[in-house]
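Only one structure is covered here, and it is reproduced in the block below.
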Amino acid sequence: MRYETVWRWVMTLFAACSGLVGAAQCEIMNFEGFSDGLNGSVMFRPPSFSGSTSVFLGYTGRCENGFNCAQISSEQNHTPLGNRSLKVAWQFNGNARAWLRLTTYNTSYYPNPTISFTRRLSLWLYVPSSTPDFYLALGVRETASRAACGANGSASGAIEWVGATQGDTTRPPIGKRITQKDRWVQVVFDIPNEPVLPFAAGANGILDGRAGVLEHLAFTPVDPAQTRPYVVYLDDIRVLPNENDPANPPWIFGMHEPGGEFAAVAEGKRIWILFTEELGADPNNTTGRDYRPYREAGHGVIVRLNYGYHPNGTLPPSTLYAQFAQRVAQFVRHSQGAHIWIIGNETNLPAEWPGGESGEPITVARYVQVFRMCRDAIRSIPGHADDLVCAAPVGTYAPPFPQYNIPGFLDYWEQMLQAIGPEQDGFMLHAYTHGSDPNNIFSETRMQPPYDQVYLHFRVYRNLLSRIPPSLRHLPVFITETNQGEPWTNTNNGWIKNAYLEIHNWNQNPANQRIYGVCLYRWPQIDPYYIEGKWNTIQDWREAMRNEYRWRCDPVGDVNFDGCVDDADLLRLLFQFGGPGYTHCDLNWDGVIDDADLLQLLFNFGTGC
3 MRYETVWRWV
13 MTLFAACSGL
23 VGAAQCEIMN
33 FEGFSDGLNG
43 SVMFRPPSFS
53 GSTSVFLGYT
63 GRCENGFNCA
73 QISSEQNHTP
83 LGNRSLKVAW
93 QFNGNARAWL
103 RLTTYNTSYY
113 PNPTISFTRR
123 LSLWLYVPSS
133 TPDFYLALGV
143 RETASRAACG
153 ANGSASGAIE
163 WVGATQGDTT
173 RPPIGKRITQ
183 KDRWVQVVFD
193 IPNEPVLPFA
203 AGANGILDGR
213 AGVLEHLAFT
223 PVDPAQTRPY
233 VVYLDDIRVL
243 PNENDPANPP
253 WIFGMHEPGG
263 EFAAVAEGKR
273 IWILFTEELG
283 ADPNNTTGRD
293 YRPYREAGHG
303 VIVRLNYGYH
313 PNGTLPPSTL
323 YAQFAQRVAQ
333 FVRHSQGAHI
343 WIIGNETNLP
353 AEWPGGESGE
363 PITVARYVQV
373 FRMCRDAIRS
383 IPGHADDLVC
393 AAPVGTYAPP
403 FPQYNIPGFL
413 DYWEQMLQAI
423 GPEQDGFMLH
433 AYTHGSDPNN
443 IFSETRMQPP
453 YDQVYLHFRV
463 YRNLLSRIPP
473 SLRHLPVFIT
483 ETNQGEPWTN
493 TNNGWIKNAY
503 LEIHNWNQNP
513 ANQRIYGVCL
523 YRWPQIDPYY
533 IEGKWNTIQD
543 WREAMRNEYR
553 WRCDPVGDVN
563 FDGCVDDADL
573 LRLLFQFGGP
583 GYTHCDLNWD
593 GVIDDADLLQ
603 LLFNFGTGC
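Below you can see the structure in the form of structure tokens.
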């Protein structure tokens, strides 16, 4: 019976997922969701853009003739469930010093992507057999970026070559030799352990700081006399996690506040739990909270940090923002087991302002000010430099309050995210239906004019996602509140099952921004919207959790997150065999690394490679 169970796990988890880890790692780009032929706009400029190397190209004109291109293409693809990659095509002119600087400088989409200098960077290449062999190195710019992984980290700073053993201002960089053809090949740069050489703007051959940006890929011909066309397809560019980064449950199931974990455990699942904390603004208050019992049981922890609750405000008066940020830092410093934080809640609603509607409105400008202070404070704490710090979700469906300079909920949301910019690490949404009809989950009904582009029911999450800046759509999303817009009716009518099915279906499209978790509002009997004790509602949730709805679709067994199940994954799992679970090697997330995990990895060995 044990191995029948293992086989069922293997079959259902073929597209299983890895755990969310710190903000220093991310999937930067899979080139999905863009139109075929879009050239020089998505992460990389055309080959001729850089004046450093355009003199080495045999053609620098328009892309229409098939050269000087960095364009979206459906000819090759590596992303699971995807159909796009970036086709780069160029031709050298025979110069003995030839190389290509394929730069990310201020592109329209995903410019100057932030990468960690303490982690590995992985990318996948498909090189047709007609392309001559070449060397590949990274050009990284030392911007001391504080942006989220993959977000715009600016275009100012020295540029170092990573992975190059030769090269200077007069000689091209000699990086990793690429010889394999007509198949997808993974290239990994172990950035902290690679050789580093100076290139430009005051570089010194030493990586300064924890993070910077991927400024360019450096392609150098093995034989400069070869002037045949070079064609390279790029896909799945990622910053990989470290082995000791925290792991989280792979499923999308969740609950607002603890108490319902037993229902998930009964279905063999672990969930995301949203905690909400009242901190005040006393910078000398050093109390925190220990979330480790939840993490050690396999659950994911998200913590919302509030100054207080109505009528005191989710944030304090603006005169106390500095003290509040200090208190936030004290709380985080003295808490254990949490690395995902939300600053405030529904700040566009008068009920959340300090003093209520008669108090001080939390305008977009005020919110951006306090958010930046809190994020900087959290990330300055040892052990929290890579935490996910996220802006408050907006009060969905709220109208504008022009007398207080508060726009409608979608405009407030968009203005807030745009103003914060790249220094945010994920997004929190609230989505509801108006009534308990389970069909409302899939409803296309819109609101009345002038809001007739806004979904009336659960799919309002799509309106919110559409307002996220395009350069940040690789970052994680959570729906931290959802319900029927009225007290739960204690019926098992399929509303909850439909909600999770909707998000699962959304996540199947790799062009969509991924939603990592959906937290039902709420468990404890604090207000009329509670679930605790409503056993039919709980049963609806339990039945939803019988599905393998996971937020990532890499092959199961890819414990080092590089997109390929290979001997490195097998060795890592064997090294941890018999140890405690709820880590990256606990493939079925049951709390122990055992033969079931090993069988799953072996079944998928070679997948994605």
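Numbering-wise, the numbering used here comes out as the position in the sequence shown, counting from 1, plus 2.
Beta carbons are placed, not taken as given, at the ideal position from N, Cα and C, and that holds for glycine.
Counterpart residues of residue i in DSSP-defined beta bridges
i: Phe136; result: Ile180 and Pro223
i: Val90; result: Ala72 and Val234
i: Glu196; result: In DSSP, Glu196 forms no bridge with anything.
i: Pro582; result: Val594
i: His432; result: Glu483
i: Gln325; result: In the DSSP output, where bridge partners are listed per residue, Gln325 has none listed.
i: Phe577; result: Note: Phe577 sits in no beta bridge, so no partner.
i: Tyr457; result: Arg448
i: Thr278; result: Arg306
i: Cys521; result: Gly256
i: Phe191; result: Leu123
i: His301; result: Answer by DSSP bridge pairing: none, since His301 is not bridged.
i: Asp292; result: Gln338
i: Gly141; result: Trp163 and His218
i: Asn41; result: Gln73
CA nearest to the CA of residue i, picked from the options
i: Gln73; options: Ser147, Thr278 and Leu236; result: Leu236
i: Asp556; options: Cys611, Pro226, Asp592 and Ile528; result: Cys611
i: Gln455; options: Tyr399, Val187 and Arg143; result: Tyr399
i: Tyr406; options: Met257, Thr349 and Val520; result: Thr349
i: Thr447; options: Pro440, Ser438, Tyr457 and Glu416; result: Tyr457
i: Arg179; options: Arg574, Gln188, Thr171 and Thr172; result: Gln188
i: Arg272; options: Glu280, Pro260 and Thr278; result: Pro260
i: Leu603; options: Pro582, Val561 and Trp591; result: Val561
i: His218; options: Arg143, Asp529 and Ala227; result: Arg143
i: Leu59; options: Ala227, Ile540 and Ala249; result: Ala227
i: Arg121; options: Trp101, Ala166 and Leu209; result: Leu209
i: Gly155; options: Thr222, Pro113 and Glu359; result: Pro113
Enclosing alpha helix (DSSP H) for residue i [first to last residue]
i: Val233; result: Here Val233 belongs to no alpha helix (DSSP H); instead the beta strand (DSSP E) covers Tyr232 to Leu242.
i: Ser110; result: No alpha helix (DSSP H) holds Ser110; DSSP gives it neither H nor E.
i: Ser468; result: Val462 to Ser468
i: Glu29; result: Careful: Glu29 lies outside any alpha helix (DSSP H), inside the beta strand (DSSP E) at Cys28 to Met31.
i: Ile498; result: Trp497 to Asn509
i: Ile408; result: Per DSSP, Ile408 belongs to no alpha helix (DSSP H) and is neither H nor E.
i: Ile383; result: Where Ile383 is concerned, there is no enclosing alpha helix (DSSP H), given that its DSSP letter is neither H nor E.
i: Glu77; result: Where Glu77 is concerned, there is no enclosing alpha helix (DSSP H), given that its DSSP letter is neither H nor E.
i: Val267; result: Glu263 to Ala268
Per-residue burial, residue i [other beta carbons within 10 Å of its own, 16 or more giving buried]
i: Tyr311; result: exposed
i: Glu196; result: buried
i: Cys19; result: Because the pLDDT at Cys19 is just 36, under 50, the model does not fix this residue reliably, and the value given afterwards should be weighed accordingly. So Cys19 ends up on the buried side.
i: Asn511; result: exposed
i: Asn606; result: buried
i: Asp597; result: exposed
i: Asp389; result: buried
i: Trp343; result: buried
i: Gln426; result: buried
i: Ser468; result: exposed
i: Thr181; result: exposed
i: Gln332; result: buried
i: Ile275; result: buried
i: Val23; result: With a pLDDT of 48 at Val23, under the threshold of 50, the predicted position of this residue should be treated as unreliable, and no value is reported.
i: Thr116; result: buried
i: Asn442; result: buried
i: Gln27; result: buried
i: Phe373; result: buried
i: Glu504; result: buried
i: Val198; result: buried
Segment limits, beta strand (DSSP E) that includes residue i
i: Thr539; result: Segment Trp537 to Ala546 is the alpha helix (DSSP H) holding Thr539; no beta strand (DSSP E) there.
i: Leu123; result: Arg122 to Tyr128
i: Cys392; result: Leu390 to Ala393
i: Leu255; result: Checking the sequence, you will find Phe at residue 255 rather than Leu. It spans Phe255 to His258 - the beta strand (DSSP E) in which Phe255 sits, taken as one unbroken run.
i: Glu162; result: Ile161 to Val164
i: Ile345; result: Ile342 to Ile345
i: Ser118; result: Thr116 to Ser118
(message) Does the stretch 192–206 come into contact with the stretch 146–157, if we say contact requires no fewer than three beta-carbon pairs (one atom in each stretch) closer than 8 Å?
(response) no
(request) Count the CB pairs spanning the stretch 424–434 and the stretch 465–484 that are closer than 8 Å, and state whether there are at least three. (result) yes
(request) Inspect the CB distances between the stretch 75–86 and the stretch 236–248 and report whether three or more fall short of 8 Å. (result) yes
(message) Using 8 Å as the cut-off, can you tell me whether the stretch 221–234 makes contact with the stretch 123–136, which would need three or more C-beta pairs spanning the two stretches below that distance?
(response) Verdict: yes, contact present.
(request) Determine, using beta-carbon pairs with one atom in the stretch 534–542 and one in the stretch 575–584, whether at least three such pairs fall under 8 Å. (result) no
(request) Decide yes or no for the touch test of the stretch 242–254 against the stretch 547–565: beta carbon pairs closer than 8 Å, at least 3 of them. (result) By the Cβ test, the stretch 242–254 is in contact with the stretch 547–565, since at least three Cβ pairs between them sit closer than 8 Å.
(request) Would you check if there are 3 or more beta carbon pairs closer than 8 Å linking the stretch 86–95 to the stretch 213–233? (result) yes
(message) Quick test of the definition: if touching needs 3 or more C-beta pairs under 8 Å, does the stretch 517–526 touch the stretch 562–570?
(response) no
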